[in-house]
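Structure first, then comments.
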DNA sequence: AACTCGACTGTAATCGATTGCATTGAGGTG
DNA sequence: CACCTCAATGCAATCGATTACAGTCGAGTT
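Chains as they are written, first to last, in the working numbering: chain A, 519 to 863; chain B, 519 to 863.
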């Protein structure tokens, strides 16, 4: 495998390896005649650089590593896709790892990426606390950007959305639809996303005077199954509130399904909202009202930050950027259209 | 970045780099005392092997490359997950690439993986014909296994399911539910999956005397949108048959949705089947009857073949294996339960 | 006592591409 | 004509880990 080396090209072209390298990486001066000879030889032999050797010499791999909690979560999948496209434009490639929501596996992946000399790492940490040591340590060695989720007390770059602003929109919309009580179904508070979204939820609920019973804040994980289980529990323990605010679409999909299974009409009797706007939220019955994250924008910012950090080198790592983009509410059929608005003079 | 090298560990431990290497890679004999010193020094310094350097020397990277047509297709996502787990057991990592269903991008990815000295490649080709040159060429350089889809006239290993057997089950089930006519909605015939599934569909339809109008075989792509569009076209051009057999779940999800949108009850008026058993097929309304692919098994076989091929080296590449596993029909609510069976003496 | 054997350890070559430095030679200048 | 400049090119070191080969040393043999 990988038989043709620069030395063989050099021999065939009758020049030194240095010259071949100069031609192929367009660095340094080479006469037109020699350049033609070299290119010809390279083509004839089907030469291809050995990225490994180049990486060893340059300590640059033109590869970025990405670690996500779960590759089967459609939100992360499409985020990955966006990142890949953004990187493609810079001629970089993506090395993708799945942490299976386990901080230990995550730590191993991060170490492995670092050992592979990736130029930078994009990570959405699995856990707000337990992921911290590995993330912090990795960030000390190479450029690192956190995406969507982040670890506590972090000092790295971060790109995501303004969850609080998003929840404000969600709550206002539910309120317009007549909701006067609501439950929150999320994953654990150790996920920054759930934590932030819950904070936004709680604050706006208070402002709008929407009732939130303490035992109607249910925390599990980001999965359809948990959405179903949470609703079953709510029903068993005293019934559903006017609205179910879910921390992501998977949960909301499960919740909606469970509501219907138990004979509650959505959105007539219970309104349900999700978060992320994954493709299937559109297909559910009823189609899910949710928060759309500007994935391409998020990805582009992350790639930009990474590039900037690579240039700055270890030298003067400037202050770290926290970029939060404003997401938009996508109203579909799992919530009610605005009621006749209250009198306004 | 990556500051600590084996030389520094050697110096600190007062031995040669060779000894350090021997300790750390557990090869060769080293006295217990020296081993302890070396490990201590390595720990103190936080040494981590430079995988790049090792790869250059060994021309082994313990990394496998995988190329899929689309990372946002849930079927491929879960296949990727299965492959990752299977590789993890062998201490190998996965380098994932998205070909965006474009054979040219696919070719570039394959070349890039080869240049990175991956130990092997798992690919699900985007196109039955156009993907062929790149796949073939790559297979000549290193171990390669095709998964699920394959290119024409291929001489590489392949692992997938027996589409014909699966379609037989599907058609029998639809027939039991009373279907006497059916349409087929797939992607292009240049995708081996659609081609095989269609072949199985057509053969069993004939045997069961299920009518298939020539203009009711619709080919587009693997997407929800295409499923919706195809049904719209069927309705516009003369109405729906008794059953819609879709080449994958995304299409089936779209088809179901379109049926309902146009006022056709599923499964009462039209039965719909999918293929792949992605997670959301369970959540659709009605839950989708589909074909479950044994993903873990497929992944495990692929990894096994790759390992075997690596051992055989270029020497005597034995004959290539085509492993087809038998999938199982998952009956849910988008098809009808069996009618009273016809008299059987 | 001389020799063999094997366990340990070190020296240096190697993987393939890149690049600082040296060299060559053509063209220009006084 | 001696001397200088600069583009073009080659030589050889380098990135970091691995490993063939060789050397050392103590124990066991004869």
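The beta carbon of each residue, even a glycine, is placed where N, CA and C say it ideally should be. Computed from a prediction, not measured in an experiment: that's the story for all the values here.
Do residue i and residue j have their CB atoms nearer than 8 Å?
i: residue 590 of chain B; j: residue 599 of chain A; result: yes
i: residue 640 of chain B; j: residue 656 of chain B; result: no
i: residue 789 of chain B; j: residue 853 of chain B; result: yes
i: residue 585 of chain A; j: residue 615 of chain A; result: yes
i: residue 678 of chain B; j: residue 670 of chain B; result: no
i: residue 773 of chain A; j: residue 705 of chain A; result: no
i: residue 776 of chain B; j: residue 757 of chain B; result: no
i: residue 637 of chain A; j: residue 580 of chain A; result: yes
i: residue 522 of chain B; j: residue 563 of chain B; result: yes
i: residue 661 of chain A; j: residue 827 of chain A; result: yes
i: residue 570 of chain B; j: residue 635 of chain A; result: yes
i: residue 808 of chain A; j: residue 770 of chain A; result: yes
i: residue 542 of chain A; j: residue 560 of chain A; result: yes
i: residue 461 of chain A; j: residue 659 of chain A; result: A query on residue 461 of chain A cannot be resolved here, the shown segment of chain A reaching from 519 to 863 and no further.
i: residue 645 of chain B; j: residue 708 of chain B; result: yes
Give me whichever residues DSSP pairs with residue i in a beta bridge.
i: residue 611 of chain A; result: A:581
i: residue 705 of chain B; result: Answer by DSSP bridge pairing: none, since residue 705 of chain B is not bridged.
i: residue 522 of chain B; result: For residue 522 of chain B, which the question treats as bridged, DSSP gives no partner whatsoever.
i: residue 676 of chain A; result: A:664 and A:840
i: residue 789 of chain B; result: B:761
i: residue 930 of chain B; result: What is shown of chain B runs 519 to 863, which leaves residue 930 of chain B out entirely.
i: residue 809 of chain A; result: A:847
i: residue 699 of chain A; result: A:729
i: residue 641 of chain A; result: A:585 and A:664
Strictly below 8 Å CB to CB, what residues from chain B border residue i?
i: residue 593 of chain A; result: Those within 8 Å of residue 593 of chain A in chain B number zero; the least Cβ separation is about 11 Å.
i: residue 743 of chain A; result: Here the premise fails: no neighbours, minimum Cβ distance about 10 Å.
i: residue 589 of chain A; result: 595, 598, 599 and 602
Can you pull the chain A neighbours of residue i, defined as C-beta to C-beta under 7 Å?
i: residue 616 of chain B; result: 599 and 602
i: residue 559 of chain B; result: Near residue 559 of chain B there are no residues of chain A at all, since even the closest Cβ is about 18 Å away, more than 7 Å.
i: residue 771 of chain B; result: 801
So residue i contacts chain B; which residues on that side make the cut at Cβ distance below 7 Å?
i: residue 633 of chain A; result: 566, 567, 568 and 569
i: residue 630 of chain A; result: 611
i: residue 798 of chain A; result: 798
i: residue 827 of chain A; result: Near residue 827 of chain A there are no residues of chain B at all, since even the closest Cβ is about 11 Å away, more than 7 Å.
i: residue 573 of chain A; result: 570
For a contact meaning CB atoms closer than 8 Å, what does residue i contact in chain A?
i: residue 775 of chain B; result: 801
i: residue 823 of chain B; result: Those within 8 Å of residue 823 of chain B in chain A number zero; the least Cβ separation is about 17 Å.
i: residue 847 of chain B; result: Result: empty, since nearest Cβ-Cβ is about 22 Å, beyond 8 Å.
Taking 7 Å as the cut-off, is the beta-carbon of residue i closer than that to any non-hydrogen atom of the ligand HEM?
i: residue 603 of chain B; result: Inclusion of the ligand HEM in the displayed structure is not the case, the ligand content being empty and no account of it being possible.
To the nearest angstrom, how far is the alpha carbon of residue i from that of residue j?
i: residue 806 of chain A; j: residue 642 of chain A; result: 25 Å
i: residue 794 of chain B; j: residue 596 of chain B; result: 10 Å
i: residue 860 of chain A; j: residue 693 of chain A; result: Low per-residue confidence applies at residue 860 of chain A: pLDDT is 45, beneath 50, and the placement is therefore not dependable, though the value from the model is reported in the following sentence. Their backbone Cα atoms lie some 11 Å apart in a straight line.
i: residue 843 of chain B; j: residue 680 of chain B; result: 6 Å
i: residue 833 of chain A; j: residue 825 of chain A; result: Reliability of the predicted coordinates at residue 833 of chain A is poor, the pLDDT of 49 falling under 50, and no value is obtained from them.
i: residue 749 of chain B; j: residue 785 of chain A; result: 28 Å
i: residue 849 of chain A; j: residue 792 of chain A; result: 10 Å
i: residue 654 of chain B; j: residue 817 of chain B; result: 21 Å
i: residue 712 of chain A; j: residue 592 of chain A; result: 17 Å
i: residue 567 of chain A; j: residue 695 of chain B; result: 59 Å
i: residue 610 of chain B; j: residue 604 of chain B; result: 9 Å
i: residue 526 of chain A; j: residue 627 of chain B; result: 25 Å
i: residue 710 of chain A; j: residue 733 of chain A; result: 21 Å
i: residue 767 of chain A; j: residue 608 of chain A; result: 32 Å
i: residue 551 of chain A; j: residue 575 of chain A; result: 28 Å
i: residue 546 of chain B; j: residue 578 of chain B; result: 19 Å
i: residue 780 of chain A; j: residue 730 of chain A; result: 22 Å
i: residue 841 of chain A; j: residue 829 of chain A; result: 19 Å
i: residue 839 of chain A; j: residue 747 of chain A; result: 38 Å
i: residue 524 of chain B; j: residue 565 of chain B; result: 8 Å
i: residue 753 of chain B; j: residue 796 of chain A; result: 29 Å
i: residue 722 of chain B; j: residue 594 of chain A; result: 40 Å
Meets three-Cβ-pair contact criterion under 8 Å: the segment 801–816 of chain B and the segment 735–749 of chain B: no
Segment contact flag, the segment 749–762 of chain A with the segment 692–711 of chain A, C-beta cutoff 8 Å, min 3 pairs: yes
Sufficient close CB pairs (3 or more, under 8 Å) joining the segment 643–653 of chain B to the segment 619–631 of chain B: yes
Touch test, the segment 712–721 of chain A against the segment 679–690 of chain A, Cβ-Cβ under 8 Å, three pairs minimum: yes
The segment 808–825 of chain A / the segment 527–546 of chain B touching (three or more Cβ pairs under 8 Å): no
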